[in-house]
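Residue numbers are given in our numbering: position 90 of the sequence shown equals residue 90, and the series is strictly consecutive.
All C-beta atoms, glycine included, are put in the ideal place defined by N, C-alpha and C.
One structure is given below, encoded as structure tokens.
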Amino acid sequence: MTLADLIRRFRTLAGDKTAPFFWKDEDIIDWLNDAQAQACVRARLLLEDADPAMCRIAIEADRHTYPLHAKMYELALLSFKAVGESRGTEIKVVSRGWLEEQFPGWRDEQRATGYAIQGETSIRLVSTPAKAGVLTIEAYRLPREAMALPSDKPEIHEASHVQLIDWALHKAFSIPDSEAFDPQRSGLAEDAFTAYFGLLPDVDMRRITREDTPQTNKVHI
1 MTLADLIRRF RTLAGDKTAP FFWKDEDIID WLNDAQAQAC VRARLLLEDA
51 DPAMCRIAIE ADRHTYPLHA KMYELALLSF KAVGESRGTE IKVVSRGWLE
101 EQFPGWRDEQ RATGYAIQGE TSIRLVSTPA KAGVLTIEAY RLPREAMALP
151 SDKPEIHEAS HVQLIDWALH KAFSIPDSEA FDPQRSGLAE DAFTAYFGLL
201 PDVDMRRITR EDTPQTNKVH I
């Protein structure tokens with residue numbers, strides 16, 4: 001479906017087909033873009049493993065922290081290949097707490113790079129690479145671009161396009177002090193969106209999910 005199709009379907013379902021409209025096109029477009037972003041996070045719909053701008057980071061020797069692409073929110077797989085090596089090494093995403101427990105003094109130790117800490121917008125390699133190389137990333141991401149033109153389409157699969165309208169309906173009917181305010185319709189639309197795409201994980205749940213802590217015995221060094 002195009003953005004124009006989605007807006008038309010929204011107005012049909014909302015009973016807003018005749019001017020003057022309750023809702024402006026720009027507001028509906030914002031809600032539909034929010035819906036697609038929400039859907040991507042809730043259901044992990046877009047896995048990026050091909051775009052070099054997102055999936056490749058040039059690593060410098062003796063530097064441990066690098067910015068992640070702004071559209072990436074959850075790392076799925078990491079691999080570091082140092083210059084001169086024939087194959088890469090898988091990097092495990094862990095928490096600072098796990099590192100403190102397993103490797104006290106990990107910030108200053110010189111050992112093979114095997115772990116990473118994901119921040120909100122950056123990634124830190126542990127231990128700090130001694131050699132330059134390339135970090136290869138597979139990660140779940142948000143849509144590349146917001147929809148704006150009538151011919152634009154959601155980036156998620158077409159089978160899920162129409163469900164985006166539920167979020168737009170939820171937002172439209174939830175505006176207080178408006179003539180169209182209807183908390184019951186808003187709640188039903190939100191429930192339908194959640195039933196299809198799942199619950200939105202909070203910040204703590206996203207952190208726990210990405211820190212897939214390796215199941216190993218404590219190492220004393």
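- The segment 174-186 and the segment 41-51 do not touch, with fewer than three beta-carbon pairs separated by less than 8 Å.
- Within its own chain, the residues whose Cβ lies closer than 7 Å to the Cβ of Leu75, once the five positions on either side in sequence are excluded, are Val93, Gln118, Ile137, Ala139 and Arg210, listed in chain order.
- Straight through space, the alpha carbons of Glu26 and Ser127 are spaced by roughly 48 Å.
- For Phe193, the enclosing alpha helix (DSSP H) starts and ends at Pro183 to Phe197.
- Secondary structure at Leu149: coil, using DSSP grouped into helix, strand and coil.
- Cβ contact annotation for Arg124 (same chain, cutoff 7 Å, sequence separation greater than five): His64, Thr65, Ala116 and Ile117, in chain order.
- For Gly133, there is no enclosing alpha helix (DSSP H); the enclosing beta strand (DSSP E) has its first and last residue at Gly133 to Arg141.
- Taking a 10 Å sphere around the C-beta of Thr121, we find fewer than 16 other C-beta atoms and assign the residue as exposed.
- With fewer than 16 other beta carbons inside 10 angstroms of its own, Gln184 counts as exposed.
- Pairing Leu3 with Asp152 gives a Cβ-Cβ distance under 8 Å.
- Straight-line spacing of the CA atoms in Leu200 and Tyr73 works out to 13 Å.
- Under a 10 Å Cβ-count criterion, Ala14 is classified as buried, with 16 or more other Cβ atoms of the shown protein chains found around its own Cβ.
- Contact check for Phe193 against His170 passes: the beta carbons are separated by less than 8 Å.
- Closest in alpha carbon position to Ile91, among Gly105, Gly114, Lys81 and Val83, is Gly114.
- Rounded to the nearest whole angstrom, the C-alpha separation of Leu6 and Ala37 is 16 Å.
- Counting along the chain, Thr65 sits inside the beta strand (DSSP E) bounded by residues Thr65 to Pro67.
- Approximately 4 Å separates the beta-carbon atoms of Ala168 and Trp31; this is inside 8 Å, confirming the contact.
- The DSSP-derived three-state label of Ala70 is coil.
- Spanning the alpha carbons of Leu99 and Leu45 requires a straight line of approximately 30 Å.
- Rounded to whole angstroms, the Cβ separation of Ser160 and Ala39 is 7 Å, and the two are in contact under 8 Å.
- Beta-bridge partners assigned by DSSP to Ala116: Val93 and Leu125.
- Linking Ile156 to Met147 through their CA atoms gives a straight-line distance of about 12 Å.
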